[in-house]
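**Student:**
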Amino acid sequence: MDESKAVDNTVTQQAKLTACLIVKDEERFLPACLASLSGIADEIVIIDTGSSDATKEIASSKGTILYAYAWEDDFAKARNFAIEKATGTHILMIDADERLGKESKDKIDRFLREYPLSLGQVAIKSPYQQSDGLTYTASSKVTRIFPNLSTIRYQGRIHEQIISTDPSIQTVATGIILEHDGYALSDQAMRDKTKRNLKLLEAELEREPHNAYLHFQVGKTLVADRQQEEALEHYELALVSAQEQATYRPELLMATLYLLKDMKFQDKIWAWVRWGLERYNDYPDLYFFVAKALMEFQVDNLPMIQQCLELCISLGDRSEQYPCVDGTGTFLAQFNLGVFYEVQNQWEEAQNHYQSSLDQGFTPAKAALDRLQSKVLLMKKR
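Take the sequence shown: its position 233, counted from the start at 1, is 940 in this note's numbering, and no numbers get skipped.
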């Protein structure tokens, strides 16, 4: 009997979701991850690659199915081992430093019901701090939920990707959110993770020296290791060699631009901005970057700053189309327009944009409104 038909019939009767995790020394994050899966995953398979902390005890106490696994410097092998141990009709691959978003249960049910033979993309939400002191949230799409079929497996020793050998299997957006806490690691843990990743990536790059995606990932890892010049070489090589339809290329472009901004390479910034606008002229993150770069470098072009931020708002949220920073087409653009008008003493316009940002849930706008109101009162007293 055709395997896909067998799974389709099973799903029609009753879908069973297996959550799979690959872990090592995750006692800090694992309890929250498992709590987020409660009542959603029918089965939780945990592959432990050699924990020396309380990870295994936590996993056992929560009723998961725990397997010991000898680490082979290959994430795809470990993930595929987890899939082989799963008995569910579908797999949700989740990391220990991720939590399933509170509103995701209905979206999972809908995916299992309406797209039983599809690969499902989820949104990974990763908070981080910028030099302005504000906390931003990066949103990227990754395939993490899929039918448990022998034709669907992971490839790649690191930054592994799910691959289907069946051309009829389509990829759909699910609306499922995974909240990522991995950047909250200690400095030493982050250094160890970066060193490990760089070793694996360089080994992969030796095997595939022309793989643009690998160059992108090496660049990201070098940025984390503060090797900016080397990272830039890999980013630019990836940009010129990546295929036009590569889904990661917009994210690669933005990573390159922010690195160039940190390095103060203005000429290269504007060259890559022009390159990007020729390809992604409906990408709010790109216009948001231009506005922020113009302000940071104190370029005397106020109309361009205003135009870019207004374009962000008119484009709106494009997170279904592009990897985005949350708010670049909504509350962040409104907030920065507030700053733009405030520094020009156009207080009514500033107040309107700060209020719009606050209404959309951006809490730092409240402090900006309070500051602005105090400034207005002080000016009136004079």
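Cβ coordinates follow ideal geometry from the N, Cα and C atoms, glycine included. In this text, all values refer to a predicted model and were calculated from it rather than measured experimentally.
Classify residue 723 as helix, strand or coil using the three-state DSSP reduction.
**Tutor:** Three-state result, residue 723: coil.
**Student:** Where does residue 1077 sit, in a helix, a strand or coil, going by DSSP?
**Tutor:** Residue 1077 falls in the helix class under three-state DSSP.
**Student:** Residue range of the alpha helix (DSSP H) that residue 994 falls in?
**Tutor:** Per DSSP, residue 994 belongs to the alpha helix (DSSP H) from 991-1003.
**Student:** At which residue ranges does the stretch 802-848 contain complete beta strand (DSSP E) runs of 3 or more residues, listed in the order of the chain?
**Tutor:** 805-807 and 826-836, all fully within the stretch 802-848.
**Student:** Rounded to whole angstroms, how far is the Cβ of residue 1029 from the Cβ of residue 957, which I believe are closer than 8 Å?
**Tutor:** Rounded, the Cβ-Cβ distance is 5 Å, consistent with contact.
**Student:** Report all residues from its chain with a CB closer than 6 Å to the CB of residue 766; omit the five preceding and five following residues, and keep chain order.
**Tutor:** Closer than 6 Å at Cβ, skipping near neighbours: 753 and 773.
**Student:** Is the shortest distance between the beta-carbon of residue 859 and the beta-carbons of chain B less than 8 Å?
**Tutor:** Of the protein chains in this structure there is only one, and it is not chain B.
**Student:** If you drop the 5 nearest sequence neighbours on each side, which residues of the same chain put their C-beta closer than 7 Å to that of residue 795?
**Tutor:** Cβ within range, chain order: 723, 724, 725, 749, 750 and 855.
**Student:** Straight-line CA distance for residue 1010 to residue 900?
**Tutor:** Taking the straight line joining both Cα atoms gives about 44 Å.
**Student:** Using 8 Å for Cβ pairs, my map puts residue 1061 next to residue 1084. What's the rounded Cβ distance?
**Tutor:** Not really, about 16 Å apart at Cβ, beyond 8 Å.
**Student:** DSSP state of residue 793, grouped into three classes?
**Tutor:** Three-state DSSP puts residue 793 in coil, outside helix and strand.
**Student:** For residue 883 versus residue 811, is the C-beta spacing smaller than 8 Å?
**Tutor:** In contact: residue 883 and residue 811 (Cβ atoms closer than 8 Å).
**Student:** Can you tell me whether DSSP reads residue 924 as helix, strand or coil?
**Tutor:** Three-state DSSP puts residue 924 in a helix.
**Student:** Run through DSSP, which three-state label would residue 856 get?
**Tutor:** Looking at residue 856 - three-state DSSP - the assignment turns out to be coil, as it is neither helix nor strand.
**Student:** DSSP on residue 681, reduced to helix/strand/coil?
**Tutor:** This structure leaves residue 681 out entirely; the chain is present only between 708 and 1089.
**Student:** If you drop the 5 nearest sequence neighbours on each side, which residues of the same chain put their C-beta closer than 6 Å to that of residue 1033?
**Tutor:** If we look at residue 1033 and ignore the five residues flanking it on each side, its Cβ neighbours are 844 and 846.
**Student:** Alpha carbons only, please: which of 934, 1041 and 876 is nearest the one belonging to residue 902?
**Tutor:** The shortest C-alpha separation from residue 902 is found at 934.
**Student:** In the DSSP output, what is residue 1013 paired with across the bridge?
**Tutor:** Paired residue(s): none; residue 1013 is not in a bridge.
**Student:** Look up residue 868 in the DSSP assignment and say whether it is helix, strand or coil.
**Tutor:** Residue state, collapsed to three classes: strand.
**Student:** Would you mind sorting residue 713 into buried or exposed? The rule is 16 or more other CB atoms within 10 Å of its CB.
**Tutor:** Only weak support is given to the placement of residue 713: the predicted model assigns it a pLDDT of 49, under 50, and the value that follows is read from those uncertain coordinates. Residue 713 comes out exposed.
**Student:** In chain order, what residues of the same chain have a beta carbon less than 7 Å from the beta carbon of residue 1068, not counting five sequence neighbours either side?
**Tutor:** So the qualifying residues of the chain are 1038.
**Student:** Determine, using beta carbons only, whether residue 908 and residue 865 come nearer to each other than 8 Å.
**Tutor:** Against a cut-off of 8 Å, the Cβ pair of residue 865 and residue 908 comes out as a contact.
**Student:** Go to residue 755, then tell me how far its alpha helix (DSSP H) extends in each direction, as first and last residue.
**Tutor:** Premise fails: residue 755 lies in the beta strand (DSSP E), 750-755, not in any alpha helix (DSSP H).
**Student:** Which runs of the alpha helix (DSSP H) fall wholly inside the stretch 912-974 and span at least 4 residues, in chain order?
**Tutor:** As far as the stretch 912-974 is concerned, its whole alpha helix (DSSP H) runs of at least 4 residues are 919-931, 935-948 and 956-970.
**Student:** Less than 6 Å between C-beta atoms, sequence neighbours within five positions excluded: which residues of the same chain meet that for residue 931?
**Tutor:** If we look at residue 931 and ignore the five residues flanking it on each side, its Cβ neighbours are 901.
**Student:** Please classify residue 862: does DSSP put it in a helix, a strand, or coil?
**Tutor:** Residue 862: strand per DSSP, three-state reduction.
**Student:** Among the candidates 979, 1070, 1035 and 1007, whose CA atom is the shortest distance from the CA of residue 990?
**Tutor:** Nearest of 979, 1070, 1035 and 1007 to residue 990, Cα basis: 1035.
**Student:** So residue 803 and residue 730 are in contact, right, with Cβ under 8 Å, and what is the actual spacing, rounded?
**Tutor:** Yes, they are in contact, since the Cβ atoms of residue 803 and residue 730 sit about 5 Å apart, within 8 Å.
**Student:** Suppose contacts are defined by Cβ-Cβ distances below 8 Å. Is residue 987 in contact with residue 959 by that definition?
**Tutor:** No, these two residues do not count as a Cβ contact at 8 Å.
**Student:** Please identify the residue among 963, 951, 950 and 744 whose C-alpha is closest to the C-alpha of residue 929.
**Tutor:** Closest by alpha carbon: 963.
**Student:** Might you give, ordered along the chain, the residues of its own chain that have their beta carbon closer than 7 Å to the beta carbon of residue 1048, omitting 5 neighbours on each side?
**Tutor:** Same-chain partners within the cutoff: 1056, 1057 and 1060.
**Student:** Quick one: what's got a C-beta closer than 7 Å to residue 1063's C-beta in the same chain, skipping five residues either side?
**Tutor:** Counting only Cβ-Cβ distances below 7 Å, and skipping sequence neighbours, we find 1041.
**Student:** Since residue 762 is in the beta strand (DSSP E), which residue starts that stretch and which ends it?
**Tutor:** No beta strand (DSSP E) holds residue 762; the alpha helix (DSSP H) holding it covers 762-768.
**Student:** Do the CB positions of residue 808 and residue 879 come within less than 8 Å of each other?
**Tutor:** The answer is no: Cβ separation not under 8 Å.
**Student:** I need the boundaries of the alpha helix (DSSP H) containing residue 746, first residue and last residue.
**Tutor:** From DSSP, residue 746 is part of no alpha helix (DSSP H); its letter is neither H nor E.
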